[in-house]
DNA sequence: AATAAATTGACTTACTTTGACCATCATGAT
DNA sequence: ATCATGATGGTCAAAGTAAGTCAATTTATT
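Chains as they are written, first to last, in our numbering: chain R, 876 to 1046; chain D, 876 to 1046.
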């Protein structure tokens, strides 16, 4: 079995075993545990823990740094994947974005408030700038994508500021 | 948990617990309490209690010296006007936008969810595109402005004082 | 053989902690 | 009043810690 696969499994087992949709890891510890270059961890994250796979990651450098992996709520991955890839895509107009948001709200996939905010963020006003419409549409797609990912990972999001009851793992 | 985070929390808890928007501290006492260099206190202040975070600090040297931390409060209209004109302006970086959103959430001017969404919409990822950073910052300001106006227009909520904690600096 | 996936390591960036040295203030002595 | 002194806080740069990037190389797959 490839190392990357092993690491992937290891992380998933960890989340499974703790019934946790979120875990914090130390990149260097993991790397040392698997006797590999730290950057290999990044490779695993970027090939196996992407939004398309149903995960969102974030990190912090410096002393006390960490890598955080959040699993998006079940059933959402396919839905999200469809949304992101088919509906949003690489480029989307303000009109299409607005329609999409309203549809999602109607279907209760997102709240009305979220929809309003998304529409506001992708409106022609918000994106008025001296750049070609084509570029704007690309940016709009990215903005929308970012917001959808944010919403998708929310249910699993712990009430943050609280002194992390997030499980930090000794590897 | 990082020492700086611990100290930050300690100070916030202190203000919370005393229902005070203002608090005086002794730098050396704090440092001794946390077994750290006194200058670490300054580090915490300069990274977590800046005006951008919604605080203003002042101090007095010499015998009987102190460090004073004041949490800034404004009325809703003032707040919005200030936000749009002073804080957002015509151009804003991703970092500034993020801090601003978190500050608003912390003060319950907006919900934590809205803050997350705004941060997502103005993140470097959302605005990654082959255009100059300066242009991005202008666009970011417009997007943020649009979203803030959207939230401001929503009927005011009866401020549920749920201890909505906000969060850790996403990266 | 050609292409794709995985591995590695040198270099970069970000955040934190510490310590040496500087500035200011209150107070008491002159 | 003036000055000396000790008590505070401020600054800044170096060291420490930890993650990110990128491209060269190696190892599968097709």
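The beta carbon of each residue, even a glycine, is placed where N, CA and C say it ideally should be. No experiment lies behind these values; they were computed from the predicted model shown.
For residue i, which residues of its own chain have a beta-carbon under 8 Å away from its beta-carbon, when the five flanking residues on both sides are left out?
{"i": "residue 915 of chain D", "result": "878, 879, 882, 906 and 909"}
{"i": "residue 1014 of chain D", "result": "1002"}
{"i": "residue 1009 of chain R", "result": "966"}
{"i": "residue 948 of chain D", "result": "896 and 982"}
{"i": "residue 939 of chain R", "result": "none"}
Give me, in chain order, the residues of the same chain whose beta-carbon lies closer than 6 Å to that of residue i; leave out the 5 immediate sequence neighbours on both sides.
{"i": "residue 994 of chain R", "result": "973 and 976"}
{"i": "residue 918 of chain D", "result": "none"}
{"i": "residue 956 of chain R", "result": "927"}
{"i": "residue 923 of chain R", "result": "883"}
{"i": "residue 1007 of chain R", "result": "none"}
{"i": "residue 887 of chain D", "result": "none"}
{"i": "residue 961 of chain R", "result": "none"}
{"i": "residue 876 of chain D", "result": "none"}
{"i": "residue 971 of chain D", "result": "none"}
Helix, strand or coil for residue i per DSSP?
{"i": "residue 965 of chain R", "result": "coil"}
{"i": "residue 1002 of chain R", "result": "coil"}
{"i": "residue 886 of chain R", "result": "helix"}
{"i": "residue 994 of chain D", "result": "helix"}
{"i": "residue 893 of chain D", "result": "coil"}
{"i": "residue 1044 of chain D", "result": "A caution first: residue 1044 of chain D carries a pLDDT of 31, below 50, which makes its placement in the model unreliable, though a value can still be read off. Coil at residue 1044 of chain D, not helix or strand."}
{"i": "residue 985 of chain R", "result": "coil"}
Check whether the Cβ atoms of residue i and residue j sit closer than 8 Å, and answer yes or no.
{"i": "residue 984 of chain D", "j": "residue 954 of chain D", "result": "yes"}
{"i": "residue 1001 of chain D", "j": "residue 1017 of chain R", "result": "yes"}
{"i": "residue 930 of chain R", "j": "residue 943 of chain R", "result": "no"}
{"i": "residue 978 of chain D", "j": "residue 928 of chain D", "result": "yes"}
{"i": "residue 1003 of chain D", "j": "residue 969 of chain D", "result": "no"}
{"i": "residue 1070 of chain R", "j": "residue 992 of chain D", "result": "Since the first and last residues shown for chain R are 876 and 1046, residue 1070 of chain R lies out of range."}
{"i": "residue 1022 of chain R", "j": "residue 996 of chain D", "result": "yes"}
Excluding the 5 residues flanking residue i on each side, which residues of the same chain have their C-beta closer than 7 Å to its C-beta?
{"i": "residue 941 of chain D", "result": "899, 900, 901, 934 and 935"}
{"i": "residue 1020 of chain R", "result": "959 and 963"}
{"i": "residue 982 of chain D", "result": "929"}
{"i": "residue 885 of chain D", "result": "none"}
{"i": "residue 932 of chain D", "result": "920, 924, 942, 943 and 944"}
{"i": "residue 1012 of chain R", "result": "966, 967 and 968"}
{"i": "residue 911 of chain R", "result": "878"}
{"i": "residue 889 of chain D", "result": "898"}
{"i": "residue 913 of chain R", "result": "902, 903 and 906"}
{"i": "residue 987 of chain R", "result": "980"}
{"i": "residue 1005 of chain D", "result": "none"}
Chain D contacts from the stretch 1019-1031 of chain R (Cβ-Cβ distance under 8 Å): Answer set for the stretch 1019-1031 of chain R: 1020, 1021, 1022, 1024, 1025, 1026 and 1029.
Proximal residues, the stretch 985-996 of chain R versus chain D, C-beta separation under 9 Å: If the cut-off is 9 Å between Cβ atoms, the stretch 985-996 of chain R has 986, 988, 989, 991, 992, 993, 994, 995 and 996 near chain D.
Residues in the stretch 1000-1019 of chain D having any Cβ partner in chain R nearer than 9 Å: For the stretch 1000-1019 of chain D, which is checked against every Cβ of chain R, the residues closer than 9 Å are 1000, 1001, 1002, 1003, 1004, 1005, 1006, 1010, 1011, 1013, 1014, 1017, 1018 and 1019.
Chain D contacts made by the stretch 915-945 of chain R, where a contact means CB separation under 7 Å: Listed in sequence order: 933, 934, 935, 938 and 939.
Whole runs of the beta strand (DSSP E) within the stretch 906-966 of chain D, excluding any shorter than 3 residues: Qualifying beta strand (DSSP E) stretches, in chain order: 930-935 and 941-946.
Contact residues within the stretch 947-971 of chain R, judged by C-beta distance below 9 Å to chain D: Answer set for the stretch 947-971 of chain R: empty.
Contact set between the stretch 877-902 of chain D and chain R, restricted to residues whose Cβ is under 7 Å from the partner: Within the stretch 877-902 of chain D, the residues whose Cβ lies closer than 7 Å to any Cβ of chain R are, in chain order, 877 and 884.
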